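Structure record follows, encoded as structure tokens.
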Amino acid sequence: MLAQRLQLVEPTEPAAGPRLRIAMATQDLKSMNAHFGSARRFAIYDVTPTEHRFIEAVSFGETSNESGSHQKEGDDKIGPKVEALTGCHLLFVLAIGGPAAARVVGAHIHPVKLTKPETVESIITRVQTMMNGNPPPWLRKVMGAQTPRSMDFLDED
460 MLAQRLQLVE PTEPAAGPRL RIAMATQDLK SMNAHFGSAR RFAIYDVTPT EHRFIEAVSF
520 GETSNESGSH QKEGDDKIGP KVEALTGCHL LFVLAIGGPA AARVVGAHIH PVKLTKPETV
580 ESIITRVQTM MNGNPPPWLR KVMGAQTPRS MDFLDED
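Structure below.
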């Protein structure tokens with residue numbers, strides 16, 4: 460399975476501070492609207508707490524038909540997709556099978572399953588909101604944050 464890459468080449472450096480590279484399984488580059496195996500494309504963005512920028516789109520000609528049947532011997536459709544996502548921290552998908560999820564996690568990418576399609580902008584906004592607030596433990600781990608959790612919920616006596 461060959462991957463075609465469309466990369467944005469920018470001479471500017473991303474903003475200082477925490478940065479996440481996120482990927483979204485998509486059919487149209489406008490929304491996260493695909494299962495991992497059937498995604499024709501992955502849209503990849505760099506996201507900071509205050510800005511984001513498109514990095515690249517990776518397209519695949521052959522995808523899963525979501526029938527649940529196993530692949531033919533020697534027909535690896537997971538490997539090229541995982542390889543294309545190298546360097547990403549988060550992967551947003553509608554669904555991902557166990558073997559694919561294991562390979563994604565093995566590549567140090569945190570898969571996030573959403574229950575319904577969402578626009579690229581809404582996912583980026585959600586990630587930025589979490590980065591700006593008190594990120595959940597799984598996101599702090601991904602971000603490599605060394606700062607302790609906020610204890611604002613404790614009352615001072």
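Take the sequence shown: its letter number 157 is residue 616 in our numbering, and every next letter is one higher.
Glycine included, each C-beta is placed from N, C-alpha and C at the ideal position.
Bear in mind the structure is a predicted one, so any value in this text is a computation, not a measurement.
Backbone secondary structure at residue i - three-state DSSP
{"i": "serine 581", "result": "helix"}
{"i": "arginine 618", "result": "Residue 618 is absent from the structure shown; the chain starts at 460 and stops at 616."}
{"i": "alanine 559", "result": "helix"}
{"i": "proline 596", "result": "helix"}
{"i": "glycine 603", "result": "coil"}
{"i": "glycine 546", "result": "coil"}
Residue range of the beta strand (DSSP E) that includes residue i
{"i": "alanine 493", "result": "Taken as a continuous stretch (DSSP letters only), alanine 493 belongs to no beta strand (DSSP E), as it is neither H nor E."}
{"i": "glutamate 510", "result": "Glutamate 510 -> no beta strand (DSSP E), and no H or E assigned at all."}
{"i": "leucine 550", "result": "549 to 552"}
Start and end residues, alpha helix (DSSP H) containing residue i
{"i": "proline 570", "result": "Run containing proline 570: none in the alpha helix (DSSP H); it sits in the beta strand (DSSP E), 569 to 572."}
{"i": "alanine 502", "result": "Run containing alanine 502: none in the alpha helix (DSSP H); it sits in the beta strand (DSSP E), 500 to 506."}
{"i": "proline 539", "result": "538 to 543"}
Residues sharing a beta bridge with residue i, DSSP
{"i": "alanine 484", "result": "Phe501"}
(request) Give a yes or no on contact between the stretch 498 to 511 and the stretch 572 to 585, applying the rule of three or more CB pairs nearer than 8 Å. (result) yes
(message) Whether or not the stretch 596 to 605 and the stretch 483 to 499 are in contact is what I'm after, with contact meaning three or more pairs of Cβ atoms, one per stretch, closer than 8 Å; do they touch?
(response) Output reads no: the stretch 596 to 605 does not touch the stretch 483 to 499.
(message) Does the structure place the stretch 560 to 570 close enough to the stretch 586 to 595 that three or more beta carbon pairs sit under 8 Å?
(response) no
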